[in-house]
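Structure, as structure tokens:
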Ligand SMILES: Cc1cc2nc3c(=O)[nH]c(=O)nc-3n(C[C@H](O)[C@H](O)[C@H](O)COP(=O)(O)OP(=O)(O)OC[C@H]3O[C@@H](n4cnc5c(N)ncnc54)[C@H](O)[C@@H]3O)c2cc1C
């Protein structure tokens with residue numbers, strides 16, 4: 001008699017070493033593709049996810065493996081209407097599949113890069129990208145129990161973490177609550193449902209604001225609320241929370257978790273909107289009065305320029321016409337991370353660099369001001 005194949009894994013796995021949240025698991029990432037290094041990626045697949053979201057799969061030009069941490073992003077650049085345009089996109093594929101790398105892009109109405117990618121990025125076309133950056137990764141809050149909260153395209157870093165955990169064969173206790181406008185807007189719906197069938201420790205809850213054209217949505221309706229969280233994830237206070245989505249969504253999530261007595265120290269978020277960042281790192285005009293001038297030398301290219309003590313290295317380089325890799329200009333994205341070989345700077349960042357990187361001599365050029373002459377590893 002044929003036996004029936006049961007898709008859901010009901011037996012608990014034996015305890016394995018939980019490598020997922022350890023920075024050392026992903027440590028080789030920085031070494032193989034530093035965030036300040038631009039590479040050419042070749043588009044090898046394009047997938048329609050929803051009516052306005054596409055995944056673009058790339059391989060490196062040389063076919064080499066690409067390394068990164070789940071949750072990190074790359075900064076892509078393209079010549080669009082005679083201008084070089086750069087934007088950050090989270091790597092939605094996991095580092096456990098290193099020969100390709102995906103970004104999943106939602107069309108922004110009127111947006112330059114997202115529409116350009118949707119229209120122009122086809123099989124065989126190339127795209128320049130700076131290496132992986134960002135600290136919204138599992139090692140930001142290693143924990144056995146996690147709650148992933150995302151909305152819209154904010155699903156991408158959490159999807160990379162989910163795929164990586166499954167690929168590592170780790171039955172992580174994760175509840176993934178994703179909010180979408182309508183059922184048709186849910187990104188990765190089928191894959192998430194399939195993954196939740198594979199592990200009883202992984203639960204997916206989709207919340208839709210409206211029925212949309214199709215109708216018939218049986219799941220939770222409206223916006224994510226504390227009542228919904230209490231009902232569907234009663235142990236949410238015990239979970240490390242990772243959140244990504246539009247600014248308004250994240251504000252609401254932060255507030256509802258505070259109202260629900262979730263420990264803020266166990267809350268991690270990624271913003272896709274640099275403009276919303278609170279702290280501005282450019283010098284205030286009054287600070288610019290008592291200034292000292294220093295010199296900056298780029299060790300590899302041999303270029304030099306002068307810098308005032310009130311200027312960031314990035315601002316001085318731009319003024320001198322020396323292009324440095326950068327994106328957010330606010331100490332968040334990490335694209336301008338560079339080793340200071342000689343000299344000292346004062347850096348005021350917004351989370352775009354890790355303590356272990358600072359210990360290694362790396363600094364973010366967009367939020368570092370000189371306190372001596374500098375030699376940089378670029
Ligand atoms: C760390 C990080 C990770 C990200 N990951 C993802 C991801 O995985 N997937 C994803 O889809 N997005 C992601 N983003 C967002 C992405 O970087 C882009 O911001 C997004 O795709 C929009 O870019 P765009 O060039 O299409 O739009 P932009 O050209 O930047 O336009 C954005 C908005 O501004 C308006 N606008 C543009 N120019 C003007 C003007 N001159 N005057 C008035 N209004 C104007 C546009 O109409 C549009 O509404 C991420 C962002 C960050 C910071």
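Residue numbers (the UniProt record's numbering): 1 to 378. Quick reminder that beta carbons are idealized off the backbone N, C-alpha and C, glycines included. Remember, it's a predicted structure, so these values are computed and weren't measured experimentally.
For residue j and residue i, the rounded distance between their alpha carbons
i, j, result
"residue 237", "residue 249", "19 Å"
"residue 318", "residue 257", "41 Å"
"residue 278", "residue 66", "Because residue 278 sits at a pLDDT of 38, beneath the cut-off of 50, its placement in the model cannot be relied upon, and the following sentence gives the value as read from the coordinates. In a straight line, the C-alpha of residue 278 is about 33 Å away from that of residue 66."
"residue 307", "residue 180", "47 Å"
"residue 224", "residue 155", "15 Å"
"residue 312", "residue 217", "51 Å"
"residue 213", "residue 226", "28 Å"
"residue 48", "residue 56", "9 Å"
"residue 137", "residue 242", "9 Å"
"residue 365", "residue 336", "6 Å"
"residue 202", "residue 173", "6 Å"
"residue 367", "residue 152", "30 Å"
"residue 391", "residue 193", "The first residue shown for the chain is 1 and the last is 378, placing residue 391 beyond what the model contains."
"residue 187", "residue 89", "15 Å"
"residue 69", "residue 294", "36 Å"
"residue 72", "residue 304", "32 Å"
"residue 323", "residue 190", "43 Å"
"residue 361", "residue 74", "22 Å"
"residue 271", "residue 106", "15 Å"
"residue 205", "residue 266", "21 Å"
"residue 369", "residue 292", "11 Å"
"residue 111", "residue 87", "11 Å"
"residue 210", "residue 143", "33 Å"
"residue 253", "residue 309", "40 Å"
"residue 141", "residue 183", "31 Å"
"residue 77", "residue 348", "26 Å"
"residue 50", "residue 342", "50 Å"
"residue 150", "residue 91", "15 Å"
"residue 283", "residue 200", "Low confidence applies here, because residue 283 scores a pLDDT of 47, under 50, leaving its location unreliable; read the following figure in that light. Each residue's alpha carbon lies about 52 Å from the other."
"residue 329", "residue 133", "14 Å"
"residue 288", "residue 124", "Unreliable positioning characterises residue 288 in this predicted model, as indicated by a pLDDT of 48, which lies under 50. A coordinate reading is not provided."
"residue 222", "residue 185", "14 Å"
"residue 281", "residue 127", "Because residue 281 carries a pLDDT of 46, less than 50, the predicted location of this residue cannot be relied on, and the following value inherits that uncertainty. Using only the alpha carbons, I get a separation of about 29 Å."
"residue 350", "residue 331", "5 Å"
"residue 228", "residue 119", "39 Å"
"residue 32", "residue 255", "39 Å"
"residue 104", "residue 115", "13 Å"
"residue 358", "residue 215", "52 Å"
"residue 251", "residue 135", "19 Å"
"residue 260", "residue 98", "39 Å"
"residue 198", "residue 375", "52 Å"
"residue 371", "residue 131", "28 Å"
"residue 19", "residue 148", "18 Å"
Residue i - partner residues in DSSP beta bridges
i, result
"residue 245", "271"
"residue 176", "148, 204"
"residue 48", "54"
"residue 42", "59, 126"
"residue 305", "296"
"residue 253", "Bridge partners of residue 253: none, in fact."
"residue 101", "58"
"residue 88", "75"
"residue 322", "None, per the DSSP bridge assignment."
"residue 340", "376"
"residue 240", "146"
"residue 370", "345"
"residue 363", "338"
"residue 80", "83"
"residue 133", "73"
Rounded Cβ spacing between residue i and residue j (contact assumed at less than 8 Å)
i, j, result
"residue 195", "residue 129", "About 27 Å separates the two Cβ atoms, so there is no contact after all."
"residue 146", "residue 240", "5 Å"
"residue 54", "residue 46", "6 Å"
"residue 207", "residue 177", "7 Å"
Sub-7 Å separation of residue i and residue j beta-carbons
i, j, result
"residue 94", "residue 167", "yes"
"residue 244", "residue 121", "no"
"residue 36", "residue 325", "yes"
"residue 139", "residue 21", "yes"
"residue 339", "residue 377", "yes"
"residue 333", "residue 321", "no"
"residue 345", "residue 363", "yes"
"residue 394", "residue 59", "A query on residue 394 cannot be resolved here, the shown segment of the chain reaching from 1 to 378 and no further."
"residue 96", "residue 165", "no"
Quick check: the segment 290-299 against the segment 309-324, are there 3 or more CB pairs under 8 Å?
yes
Quiz item: Can at least three beta-carbon pairs, one atom from the segment 158-165 and one from the segment 227-234, be found at a separation below 8 Å?
Solution: no
Would you say the segment 77-86 touches the segment 169-189, given that touching needs at least three Cβ pairs under 8 Å? no
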